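One structure is given below, encoded as C-alpha cells.
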Amino acid sequence: MEKKEGLCLGIESTAHTWSAGIVDFNGEVHGLVNNVYIPNEGGLHPALVREYHLINFKDTILKALQEAKCSMKDISLIAFSQSPGLGPILRIGALVARLLSQVHEIPIVGVNHCIAHIEIGRLMCNIEDPLTLYVSGGNTIISAYESTRYQIFGETLDISIGNMIDMVARDAGLSHPGGPKIEKLAEKSNNYISLPYVVKGMDLSFSGLYTAARNLIESSEFGIKFELEDVAYSLQETSFSMLTEVTERALAHTKKSEVLLTGGVAANKRLQEMIKNICEDHGTRYEVVPQRFAGDNGVMIAWTGILRFKSEGEFDLSQTNIRPKERMDNISIPWRN
Amino acid sequence: MENNAIMRGDILHKGAEASLIHGFWFGKEVIFKQRTPKKYRIEPIDKQIRLARTLNEARALIKVKNYGLNVPQVFEIDISTSTIVMKYIEGKRLKDLISVFDDDKKNKIFYEIGKFIAKLHQNGHIHGDITTSNIIITSNEEVFLIDFGLHEYSDSIEDKSVDLHLFKRVLISSHGSDFDQCFKAFIKGYLSDYDLISSDEGKYIVKNISSIESRGRYVKQEERK
C-alpha cells in the first residue's frame, strides 16, 4: 500500500460516544457523525454500551461517508482510538477498524484519545504550543509538550471532574447527562456552602468533594434540607476553583504563552470564565475548543491518525491491540520535534 | 535609610499564588510574600484559602526553622492583607541551575536536598509542593526550601511517600534528561539521614513510592501488585 494523500476515517469508541469523522490530509473536516449512548438510569455499564455500539456502528460510519460525499474507496487511512478507555468498548472500535482496513486494504493507525483531544484543539484554534486543561467524564489532565512528550503536570488522583459532577447529579435524581443540568441549577444560586478543597501540588482529588456533596443532598434525614441549587453552585465553585488554581500553577511553572481548554466539561461557561480570567492575568492567549470538537469525536482521532501516519507510517496489525490503561506521557510525539 | 522604616520595593516574582516583593523591614532586607485575591474564585473560597495558607505557611516556617533547617525566617504576619514578611534569601532557583551544574555538583546538591527533606519528614512535616522552583541554592551552595503554603503535619508513611512522589513527578516532567541521576542522589541523601537515627522508616517510605505509582491512573494491570 503506497502513501497517498486523501481522506482519513477516524473511529472514536472509548466510552459512551461512537463517532466517525472524515478529515483530509490538510486538516479540513468533511464529515462527523456521533452516536451517543444515553443510559435510562445509572451510569455507563460497559456491556450495555458495547451492545448499543455494536448495533449502531455501521449506520454511523455510513452516515459520515454520506456527509462527506464519498465511499470507502476514497478513504486512504483508517485511525481508531486505541487507548485509554473502557476495554469492551475500545475493542469494538479496534475490531471495526481492523476489519475495514483488511477488507478494503487501507493502512491503519492507532491513536491515543487524550493526545487526540490536544491535537484537534491545536488544529481548530490554530494554536502552536499550549498548556492544555483537558476536563471530561473520564479524564482530568493538565498537560503541556516538553522533551518529546505531552507531559502530565497535574491530574486527578481519583475520579475525574465530569464523573464527579455526573454522580452528584445522579444522586440528586437528575437524568444523564448531569453536567449541563448542574450548570443551569448553579446559575440560580449565590449561596456558598463550604466544601472540601483538595489540591496536592498540581494534582487534584474529587472523591472527598463528591462524598461531601452527596451528604448535603441526602442530609434531609438530619432534619436540615439544603437547596439543590446551592449545592450545585458550591460544587461548581469549589471544583472549578481547584482546576483553575492548578492550571495557573502549571502556567507559572511551564511559562507557556497559550492555554487550551478542552474535553466535555469545557462546555461549562463558568469554568471558561475562570480559566479566561487567569489567562488575562498572565497575559497568555486563551482558547476553548469549539463544542463540536471538544467532546469525544471521530475527527480528532482522524486528524491525530494523519499526524502519526505522516511521521511514522502505518501500523502493523500486531500493533493494533487495544491499550485501555495507556498513559499519554508514555507516547512519543514525533510530529512536534 | 532610616532604621525603623518598612519599605516595599520591586516585585521580584509574580507566582501563581502570591507576589514576592523585595523590601526592607526595620533595617533588614526582606521579602513581602503577599497572597493576592484571585478574581476567578468567589470571595468565601478566596478568603478562606488565603487566610488558611498564610497562617499555615508562617507557622510551618517558624517550626521548621527551629530544627536548624534552612528556611526563611518569619518577621511579621499581616492577616488582613495575607502577607508574610520573611528574610530575603540571596540565591538562585534550582530550576534554573540544573542545566548549569556538572555531574558532581548535581550529585552533591540533590544528596543535600534528600537529607533536608528527610529531616523535615522525621519531624512530622510534609512540604506538599517540593519542586525545583521551590528550592533556592545560595552562592556557597547552601540549600534553602521555600513556599510552605501546602504544608501539612503528618507522621504517616503514605503522606511522606506522596511528598517524594510529587518531587519525582516534577523531575520527570521538567528535567527529564537529568532525572535518573538527580533522583538517585536525592534518595541516597534521604536514606542516609534516616540511617543516622537508625530507622527503617526511610526504606519503607521510598519503597512505598512505587506502590503509589501503581495506584495512579492508567497503570497496566501487570505493574500492579
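Chains as they are written, first to last, in this note's numbering: chain D, 1 to 337; chain V, 338 to 562.
Heads up, the beta-carbon is just placed ideally off N, CA and C, and yes, glycines get one too.
Because the structure is a prediction, the values reported are computed rather than measured.
Check: Please classify V:Y541 as buried or exposed, where buried requires at least 16 neighbouring CB atoms within 10 angstroms.; Outcome: exposed
Check: What is the C-beta distance between D:H282 and D:L261, in whole angstroms, given that I count them as a contact (C-beta under 8 Å)?; Outcome: 15 Å between Cβ atoms; not a contact.
Check: Measure the C-alpha to C-alpha separation of V:K445 and V:F516 and round it to an integer number of angstroms.; Outcome: 14 Å
Check: Hey, how far is the Cα of D:G87 from the Cα of V:R378?; Outcome: 38 Å
Check: Report the option in D:G313, D:N35, D:R292, D:I275 whose CA atom is closest to the CA atom of D:E237.; Outcome: D:I275
Check: Taking 8 Å as the CB-CB cut-off, is D:K3 touching chain V?; Outcome: Confidence at D:K3 is low in this model, with a pLDDT of 40, below 50, so its placement is unreliable and the value that follows should be read with caution. False, the Cβ-Cβ gap to chain V never drops below 8 Å.
Check: In terms of residues, what are the limits of the alpha helix (DSSP H) holding D:N35?; Outcome: Segment 29-36 is the beta strand (DSSP E) holding D:N35; no alpha helix (DSSP H) there.
Check: Check the Cβ-Cβ distances between V:S510 and every residue of chain D, and say whether any is below 8 Å.; Outcome: yes
Check: Short of 7 Å Cβ to Cβ, which residues in the segment 363-378 of chain V face chain D?; Outcome: K376, Y377, R378
Check: For D:R308 and D:E314, I'd like the C-alpha separation in whole angstroms.; Outcome: 8 Å
Check: Counting only runs of 4+ residues fully inside the segment 105-147 of chain D, write out the alpha helix (DSSP H) ranges in chain order.; Outcome: 113-124
Check: Could you run through the segment 483-502 of chain V and flag, in chain order, every residue whose CB is less than 8 Å away from some CB of chain D?; Outcome: L487, V499
Check: When you compare the CB positions of D:I193 and D:V231, do they come within less than 8 Å of one another, or not?; Outcome: yes
Check: What residues of chain D sit near V:S470, judged by a beta carbon separation below 7 Å?; Outcome: H253
Check: Starting from the C-beta of D:M164, find all residues in its chain whose C-beta is less than 6 Å away, skip the five residues before and the five after it, and write them out in chain order.; Outcome: F206, Y210
Check: D:M274 versus chain V: which residues are under 8 Å apart at the beta carbon?; Outcome: Y377, R378
Check: Could you name each continuous alpha helix (DSSP H) segment of 4 residues or more that falls completely within the segment 351-413 of chain V, going from the start of the chain to the end?; Outcome: 380-403
Check: Assuming D:V135 contacts D:A266 (C-beta within less than 8 Å), just tell me the rounded distance between them.; Outcome: 6 Å
Check: For V:S493, does the three-state DSSP call read helix, strand or coil?; Outcome: coil
Check: I'd like to know whether the C-beta atoms of V:V408 and V:I483 end up nearer to each other than 8 Å.; Outcome: yes
Check: For D:W335, I'd like the list of residues in its chain whose CB is within less than 7 Å of its CB, leaving aside the five on either flank, ordered along the chain.; Outcome: L307, K310, S311
Check: Taking the C-alpha atoms as reference points, what is the distance between V:F523 and V:I450?; Outcome: 6 Å
Check: List, in chain order, every chain V residue whose beta-carbon is nearer than 7 Å to that of D:F153.; Outcome: S510
Check: With a cut-off of 8 Å, does the C-beta of V:G451 fall near any C-beta of chain D?; Outcome: no
Check: Residues of chain D with CB under 8 Å from V:G461, in chain order?; Outcome: Per Cβ cutoff of 8 Å: no residues; V:G461 is ~18 Å from chain D at best.
Check: By Cβ distance below 6 Å, which residues in the same chain neighbour V:I494 in space, the five residues on each side in sequence not counted?; Outcome: Y541, I542, N545
Check: How would you label V:N471, buried or exposed, when you count the other beta carbons within 10 angstroms and need 16 or more for buried?; Outcome: buried
Check: Residues in the segment 508-535 of chain V with C-beta within 8 Å of chain D's C-beta atoms, listed in sequence order?; Outcome: I509, S510, S511, G513, S514
Check: Hey, is V:P381's beta-carbon within less than 8 Å of any beta-carbon in chain D?; Outcome: yes
Check: Between which two residues does the alpha helix (DSSP H) holding D:Y210 run?; Outcome: 207-217
Check: Less than 8 Å between C-beta atoms, sequence neighbours within five positions excluded: which residues of the same chain meet that for D:S71?; Outcome: L65
Check: Does the segment 321-331 of chain D come within contact of the segment 342-352 of chain V, defined as at least 3 CB pairs closer than 8 Å?; Outcome: no
Check: Run through chain D and tell me which residues come within less than 9 Å of V:I386, C-beta to C-beta.; Outcome: Y197, S241, E245
Check: Taking just the CA atoms, how far does D:D203 sit from V:S551?; Outcome: 16 Å
Check: Taking only beta-carbon positions, decide if V:F412 is within less than 8 Å of chain D.; Outcome: no
Check: For D:N277, go through chain V and note every residue whose CB falls closer than 7 Å to its CB, in chain order.; Outcome: K376, Y377
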